[in-house]
C-alpha cells in the first residue's frame, strides 16, 4: 500500500542555492516565522549549512527499506527528508547509504530518528540532522511512501519544497514561496547589517528600536532599590 | 507590572576574576555542593570558562523584550542570566543581541531556554549556556522583571551574585560568600594536587582516603567466585 | 550487603584489541543486533573508539563510593562500566578518578549517569560515555556491588564481557562469543567494502540487494502524479 | 498577518456521528494506520469518546488569543484543535472558554499544550486531550491563524476533517475519506467479533491467523532447554 | 552541615484556610502569574484541593532522612514541601511517614521526586503532588536542611509561605502577600462569575472582552476561502 | 534466528500467590532493594495488584508478532513480560490479545512499550503496566525471542521469575529467592504494623528509630532564626 511518486516538481536550483547563503534563523523570519522543524533535530557536526530540494520518505519503525527506494528518485541538489510513521530512534542510516546518496548528488539528510556511522559521515563531510545517534540496525520488511507530503519533526514538507539546514536547525520553504522568501531574506540581512554596526558602537536596542514608550505603556517601572 | 531595578550591588571584579580560575565542580564543592544550575544547561561550544556578575532577566514565553531592557543595565564583567516565566525553548537570543552585549562588556549568557545564530556566536567567541538551540523567533509584547532575584534552572540567583560557567555547567556563588568560596576553592585545589600525584603513581583511593574500615562496617564483602 | 567479586574471568586482550578495529554498528550487526546499550549514552568527545574488558560497578544514587572499590580490581585493558541503582545524573566521576584509573591501565568509562571535569578528561584523552555532564558531587556512604552482573543502560553486562564504544555508542559482547563476533565482524566489513565500491559508482541498492520483486510483493506502487 | 478562514467545509454530521461508534484504534487501522496524533496527548478524564469536525487554531507560545477568535467560527459538532507555533505547556484553556464552546455546540478540545481548571472541566463533562495540565496563564497579544491547515502533535489536520478521540488518543480522518473509513471501520469490527469468540474459547492466534509456516520461514526455532 | 530552623513564622490559618476556597489557577492569576511550581508535579489522586503553611525540607538523592527531622517541626495546617538537592525520582515517602504526618496535623505533601504506597495514601486520603511514583527505597545517611528557603520544582518557597494545591498543580503564595492575594482571588472569582453567565448564554469573548479592534490592529484578517 | 524456549521452570503458584499479598514496595525492600522495573511503567487503571510467573517475550520495534508466539507457551498464573529490542511506544497489545491471554490463564501484562484499547482492557479487568498508551498498530514481520532471559525497563527478568505489580510499579523476584523473599516480606510487614501504631499516636520517627545521635554526628544543627 506504499506509494512512490515519480517526476515531482522541484524548486529551481539557482533559487535553492541562493537560499543557502542565508541562515535558518534569517529564512524562518523572512517567511513570517513559519516552517521550522522541531529543535530536537541536531546536526552531527558543526559548522554546517546546506540547502536542497526535499526528497521525502516515510519509514516504518525500525525499518529503513523505503530509503533504498528513495535513492532511485534522487536528483542532484536534493536533501533526503525521512520521517518514521511512529516515534523511533534507531540508526536508520549509515555511511553505505550516504555513499549511495552522494553518488546521486544528494546534499544531506534530515531524519526525525537516529543515524549511525557518524564518525564516517563526518569524515565524508555528509551532513545529517537527526534526533539521535544510535547503532541500532533496522530491517527491510515494510515499505513506506516516497515523495509524498509528510510531517517531519512537526513541519509539513512536500517533495520539492526547499530545505535549508545549519547549526541552528532545519527550515522548510514552500516551493511556490521560494523566490519571495529569498528576496525577503536578502532584505532582512541588509537591514540587520546596519543595526549591527550601531549596536556594536554601543547604541541601545531600546533606542534603536524606539521601545521606551511602548515599554512604559506596558507597565515597565524602574526603581533604584532591590525588592525585599 | 514588570520591574527594573537599577544600581544593584555587584561582587567586586577582582573576586569574580579570581573565581574564574577555578572550575564549576571545584566551586560547587567549595560551597558545600550548593548553587548548581540544572545540568540541562549546556555550552554551545567547548572548551570554555567564564565568571561574571549576574545580570538577571525574566522573559515571557516566546518573548525576548526584557533582554533589550537588561542591556541598558549591563556593566563590564556581567553575565546575563535569563529565565522564562514558563518553560520555553524558543531562540530568544542571537548574534545581534550578542553584539550589543559585547559592546557593554558582558561576558556571556546563561539562559534556561533556546538560542540561535550559534555558528556566529561561536565565531565571535561569545559563550552561551542554554537548554536548547532553536531558530524560532520571539516577539516583543510582554516585558519581564530585570535585576530582581530569579530562579534559573532550579537555582536561586540574585543580581550581583557571581556566575561561574564552564564545560561542566553553571554555578552561582552568593555575593556575600564570594570571598570565602574563593578561599575554599583555592584550598580544595591545592589539596587535590597532592592527591593527584599519589593517584597517578598508582596509590589506591581506598588507602589514600582510608576507606577500608568504613567499607567493612557498611557491609562490603569480598568473595572470589562470581555469584550464581 | 554489597559484594565485591575478585578474580573474575576476562576476555583475552588479543581478542579485545582485535574487536577495537571494528565500529559499534558493525559489531552490533555481527552479533545479530544484540548487546547495544541505550542511545542516551554519548561520548564526551569525538572521534573516539575503544574496546576493553568490562569492570562492572553498581552505585547508589548520588554516591560514588564503589567506584573507589572498583579501582583496586582493575587490570590493564579494562573499561569501567557503572550503573546507578536508581536513575541519577549526578557527576559521579572526574579527573582525579580518571587519573587513578589510568594508573591502573583502565581504558575508559561507560556510566549511565553523569560525569564532571569533562574539559580535563578531554585534555587527558580519557574517553567517557555518559548520560549527562553534571558538576553535582556525590557522597561516600553506601557501597554497591563490584564485578557482579549488572544492567547498564538497558543491556546486561557481566565482568569480563567485552565493551566496544565509539562515536555511535556502546555495545557489549559476551565473553564466550567474543571470538565468533570478531570473525563475523571481519566478514561483514569485507562484504561491505565490495558494496561500497558499487554504490559509490552509482549502482542502486534496489538492484545491488535485488529488492524490486519483494517490494512489489509488499504492495509498493509507483505513480507519476502527486496524490491530491 | 494572522488569517481567519470563514465558511470552510465540514464533514456531514451523520458520518461524523457514525464514526464515533468506533474507537481510535479501529479507525486508525481502517485507514491504513495513518492520521494518529502523537501519544503524548492524553485525556483529562476516562472513559471518554467523541467525534467531531476539526475547528483548527494556531496559538503563539503563552498566548491564547486566537482561541477566542475561533469560538466565533464554531458550529455544533465541532472539536477545537489547537497547536502552538512553538512547544509550550502553559494552561491555554480553562472552564470559562469551555463554557463558551459548549454554548456554541463544540464537543471537546484537542490541544498540543496545557490546560487548567481540569476539575471543573471534568465536572462539566467537557472532554480534553492535552499534553500537560498547567495552571500557567497566557496573554492575548499575538493572534494566530484560525481554520487553516495545521500540524498538531505530528499530524496534518485541515478544517472540517473528522477528529475521533478516546482513551487511546486522537486520530484525524480526512474529510474526503470519512465515508470510506466509516465503512472500513465497520468491516474491521465485524471481523474482530468473530475472532474474539474463537480466541476467548482458547484457540491460538498462531492457528487463527495461520502464522506457523511463516514464522518457521522467518527462522523461529523451538528448543526445550533454556539457553546458557 | 545541615541546618534545621525552629520557630519559623507561619501564615495565620484563617488566611490559609480562606485561600483554600480558590483554585490554583485563580490564585496564580491573582498574584500576577507568579509562584507556580512546575507542571510535572501531579496529584496522586483527583479531585483534591488543599492549602497549608510550607514546611520545607531538602533531601539528598536517594536519601529521605531529613523528612524524619521535619516531622518534629510540623504544626497543624502545614504542608510538607520536599526538594532533592539533585534530580531524583526515588520513592522517598510512603504510608508510614504519612501516618506520622497526619498525627501531627500535616495536610499533604509536595515533593519534586517520587513517592510510593500510593494505593494506601489514596485510601487514607493523604494528598500528594509528586513528579513520579516509584517503589524505590531510600537510605538515611545524609541529612539536609529543614525549614530553610528552598527551590522546589522551579519555585522559591520559604517556610510559612502558603502552599495551595489542586488538580491543576501547586502554587506558593508569599507569607507577606497572603491577605492581598486572598482579596484579589475573591475579586477575580466574582468577576468571572458574571462572565460565565454571559458566555454560557452564547455571547462571544470577542465582544465581551472588546477584542475586535485590537485584533484588527494586530493584523488579523478574515477571508472566505481556504488558502491554497 | 529467534528462539522459543519451551518447558521452562516456573515458581510454584502457592509461593507466587502468597507474594501477591504484599505490595511492590514491601517486596523490593525485602530483597535488599533489588529487582525494581523502571518507574515509567505505569498501570492503566488503579487500584490494582497481581503476582505471576514471568512469561518473557522480545518484540521488534513496531512489530508484535512474538506476542502471538508467547500465548501458546502461557500457563495459568503467568504474567506476560514484553520488551522491545529498541525503544518503541507503539500500541503492541489490545483487547483481542487480552482475550486470548485470559483464555489461557494469564493474569496481566508488563510491557516497556505502548498498549491500546485501554477502555476495553479496563472494563475486562485485565491489568497492564506500560510506558505509553498509543493506538499505533504494529506489524507481524520479525519474530523475537520468547521465554529467554530479557532486560525489561532496566531489570533482568528470566522465565518463571515472579512478577509482582501494583499501583507503585513492578518488581521481579528471582525464582530461587521467592520463598525467602516471601518470608522477609512477611517479617517486614509485621514489623511495620508495630511502628504504624506508634507513629499514629504521634511518636516521632527520630525517637522510634533512635536517629538523634547519628544526626548530630552527621552535622545536623538546630537554630532558632532563619538564615539571612
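Protein chains in written order, with my numbering: chain A, 10 to 237; chain B, 10 to 237; chain C, 10 to 237; chain D, 10 to 237; chain E, 10 to 237; chain F, 10 to 237. Just so you know, even glycine gets a beta-carbon here, dropped at the ideal spot from N, CA and C. Quick caveat: nothing in here was measured; it's all calculated off a predicted structure.
Cβ shell of residue i (< 8 Å), same chain only, five flanking positions each side left out
i, result
"residue 198 (chain F)", "31, 35"
"residue 24 (chain D)", "171, 187, 188, 191"
"residue 111 (chain E)", "133, 135"
Own chain partners of residue i with C-beta closer than 6 Å, once the 5 adjacent residues on each side are dropped
i, result
"residue 75 (chain A)", "66, 68, 152, 153, 155"
"residue 58 (chain A)", "175"
Residue range of the unbroken alpha helix (DSSP H) whose run includes residue i
i, result
"residue 226 (chain E)", "221-226"
"residue 108 (chain C)", "104-112"
"residue 67 (chain D)", "Element bounds for residue 67 (chain D): not the alpha helix (DSSP H) but the beta strand (DSSP E), 58-68."
"residue 36 (chain F)", "33-39"
"residue 76 (chain D)", "74-82"
"residue 24 (chain F)", "22-28"
"residue 217 (chain E)", "214-217"
Cβ-based neighbour list, residue i, same chain, cut-off 7 Å, excluding 5 preceding and 5 following
i, result
"residue 237 (chain B)", "The predicted model places residue 237 (chain B) with a pLDDT of 49, which falls under 50 and marks its position as unreliable, so this point remains unresolved."
"residue 227 (chain B)", "none"
"residue 72 (chain F)", "147, 148, 149, 150, 151"
"residue 109 (chain C)", "80"
"residue 17 (chain B)", "156, 168, 169"
DSSP-derived helix/strand/coil call for residue i
i, result
"residue 7 (chain E)", "Here chain E comprises residues numbered 10 to 237, so residue 7 (chain E) is not present and cannot be evaluated."
"residue 197 (chain E)", "helix"
"residue 175 (chain B)", "strand"
"residue 187 (chain A)", "helix"
"residue 237 (chain F)", "With a pLDDT of 49 at residue 237 (chain F), under the threshold of 50, the modelled position of that residue is not reliable, and the figure given next carries that caveat. Coil, per DSSP."
"residue 232 (chain B)", "strand"
"residue 55 (chain B)", "coil"
"residue 182 (chain B)", "strand"
"residue 208 (chain F)", "helix"
Segment limits, beta strand (DSSP E) that includes residue i
i, result
"residue 6 (chain B)", "This structure does not reach residue 6 (chain B), given that chain B is present from 10 up to 237, and the question cannot be answered."
"residue 164 (chain F)", "164-166"
"residue 97 (chain E)", "No beta strand (DSSP E) contains residue 97 (chain E), which DSSP labels as neither H nor E."
"residue 148 (chain C)", "First-last for residue 148 (chain C): undefined, no H or E at that position."
"residue 160 (chain D)", "159-161"
For the segment 117-125 of chain E against the segment 211-227 of chain F, do three or more pairs of beta-carbon atoms, one drawn from each stretch, fall closer than 8 Å, so that the two count as touching?
Flag = no, the segment 117-125 of chain E and the segment 211-227 of chain F do not touch.
Minimum length 3: unbroken beta strand (DSSP E) runs contained in the segment 117-144 of chain D
Within the segment 117-144 of chain D, complete beta strand (DSSP E) segments of at least 3 residues are found at 118-124, 137-142, given in chain order.
For the segment 31-42 of chain B against the segment 118-133 of chain C, do three or more pairs of beta-carbon atoms, one drawn from each stretch, fall closer than 8 Å, so that the two count as touching?
Judged by Cβ distances under 8 Å, the segment 31-42 of chain B makes contact with the segment 118-133 of chain C, as three or more pairs qualify.
If contact is defined by three or more beta carbon pairs under 8 Å, each pair taking one atom from either stretch, is the segment 153-168 of chain D in contact with the segment 51-58 of chain E?
The answer is no - the segment 153-168 of chain D does not touch the segment 51-58 of chain E, with fewer than three Cβ pairs under 8 Å.
For the segment 153-173 of chain B against the segment 11-22 of chain B, are there 3 or more C-beta pairs whose distance is under 8 Å?
A contact exists between the segment 153-173 of chain B and the segment 11-22 of chain B.
Touch test, the segment 39-50 of chain C against the segment 195-214 of chain B, Cβ-Cβ under 8 Å, three pairs minimum:
With the cut-off at 8 Å, the segment 39-50 of chain C and the segment 195-214 of chain B do not touch.
With a threshold of 8 Å, are at least 3 pairs of Cβ atoms found where one atom belongs to the segment 176-188 of chain B and the other to the segment 138-146 of chain C?
Segments in contact, yes.
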